[in-house]
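Worksheet: the structure to be examined is printed underneath.
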Amino acid sequence: MSVFICSISDCVNKDVVYNFGDDSPAFAECGGCKTKLWPQA
Amino acid sequence: MAGAGYKTFLTGDVFTDVEAQTYFMDQVVTTFADTTARDAAITSPTEGQFSYSLADNSFYVYSGTAWIPYDIAWIAWTPTLTNLTQGTGATLSAFYSRIGKTVVAQVYITMGTSPTVGGQFSISLPVDIANGNRSVSIGTCVMRDAGASLSYLGSVTSVGSGPSVARMQTIGTSGATATLSSQTASSPFTWATTAGSYFQFTIMYQGV
């Protein structure tokens with residue numbers, strides 16, 4: 046399970062939890078601010 | 005070693021071993037940590053020049069006016085969802101790849117426990133669509149009612165720019181003719197009723 050959360054203050058996706066389940070990508074691009082996101086521990 | 009950039013050698017220039025590596029060798033396809041480092045090193049790219057970005061695993065070719073990406077892998081992204089909060093325990097899968105101006109994306113989004121559904125869903129696209137001033141059919145979708153064990157076929161349309169979004173339509177009939185109408189909180193089924201319901205689509209479109 047891999048979870049990604051953007052913490053950029055003015056991002057439209059801030060604090061939204063994206064659970065990629067079993068896909069487990071190494072990183073994800075935030076759809077709001079384009080920041081590179083790393084999976085949460 | 006990352007390339008030093010781009011250098012035009014002139015008659016009489018001394019060609020050192022370092023230059024052989026960082027210009028002659030690495031100049032064939034210059035490799036940089038990211039596109040920011042590339043733009044700092046190559047301030048005047050030439051049409052047809054290639055570079056590679058380690059940050060997003062993408063080749064880029066300079067068209068004469070812009071660096072055009074050619075991804076070597078699918079990129080995960082977190083689309084902005086409007087009119088939908090998935091609920092507890094939900095999962096999402098969203099990946100895309102750019103082949104020049106062509107964007108291909110796959111999306112699979114499930115409903116968890118007690119999702120919040122407000123109307124027709126909007127799913128932001130990973131790259132804005134070209135000519136975002138008009139709606140374009142960009143793919144088909146499957147909407148699965150886990151409670152009734154029924155799958156509904158639909159259409160996906162792009163809407164707007166900055167950001168462009170995808171929206172789904174359900175298929176109905178008018179006499180002998182198939183018709184499309186907007187997906188809603190209760191169409192083609194009541195989304196909030198059963199955890200495990202989902203929608204999925206594969207789309208392809210011209211990016212900006």
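Sequence order for the protein chains is U and E. Add 45 to a position in the first sequence, counting from 1, and you land on the number used in the working numbering. Add 4 to a position in the second sequence, counting from 1, and you land on the number used in the working numbering. Note that the Cβ used here is the ideal one computed from N, Cα and C, for glycine as well. Since the structure is predicted, the reported quantities are computational estimates derived from the model, not experimental observations.
- So what's residue 74 of chain U in DSSP terms, helix, strand or just coil? Here residue 74 of chain U is taken as the residue at index 29 of the first sequence, counted from 1. Note: residue 74 of chain U maps to strand in three-state DSSP.
- Item | Own chain residues within Cβ distance below 6 angstroms of residue 63 of chain U, not counting five before or after | Working through the first sequence from its first residue, we reach residue 63 of chain U at position 18. For residue 63 of chain U, where only same-chain residues beyond five positions count, the Cβ hits under 6 angstroms are 49.
- Task: Buried or exposed for residue 68 of chain E, please, with buried defined as at least 16 other CB atoms from any protein chain shown within 10 angstroms of its CB.
- Result: For the purposes of this step, residue 68 of chain E is taken as residue 64 along the second sequence, with counting starting at 1. The residue is exposed, with fewer than 16 neighbouring Cβ atoms inside 10 Å.
- Item | Sequence-distant residues of the same chain with beta carbon closer than 8 angstroms to residue 159 of chain E, five excluded per side | Within the second sequence, numbered from 1, the residue matching residue 159 of chain E stands at position 155. Excluding positions up to five away in sequence, the list reads 141, 143, 144, 145, 172, 173, 175 and 184.
- Query: Are at least three pairs of beta-carbons, each pair with one atom in the stretch 192-211 of chain E and one in the stretch 104-119 of chain E, less than 8 angstroms apart?
  - Reply: yes
- Query: Are the C-beta atoms of residue 15 of chain E and some chain U residue less than 8 angstroms apart?
  - Reply: In the second sequence, the residue the question calls residue 15 of chain E occupies position 11. No, because no Cβ of chain U sits closer than 8 angstroms to the Cβ of residue 15 of chain E.
- Contact set between residue 130 of chain E and chain U, taken where Cβ atoms lie within less than 8 angstroms: Along the second sequence, read from residue 1 onward, the residue named residue 130 of chain E stands at position 126. By Cβ distance, chain U contributes 74 and 76.
- Item | Close Cβ partners of residue 84 of chain U (< 7 angstroms) along its chain, the five nearest in sequence each way excluded | As a working note, residue 84 of chain U is residue 39 in the first sequence. Result list for residue 84 of chain U: 47, 48 and 49, in chain order.
- When the Cα of residue 96 of chain E is compared with those of U:59, U:54 and U:70, which residue comes out closest? Looking up residue 96 of chain E in the second sequence gives position 92. Closest by alpha carbon: U:70.
- Secondary structure at residue 25 of chain E, three-state DSSP: helix, strand or coil? In the second sequence, residue 25 of chain E corresponds to position 21, counting from 1. It is helical.
- Item | Partners in chain U for residue 79 of chain E, counting only beta-carbon separations shorter than 7 angstroms | The sequence position of residue 79 of chain E within the second sequence is 75, counting from 1. Correct list: 74.
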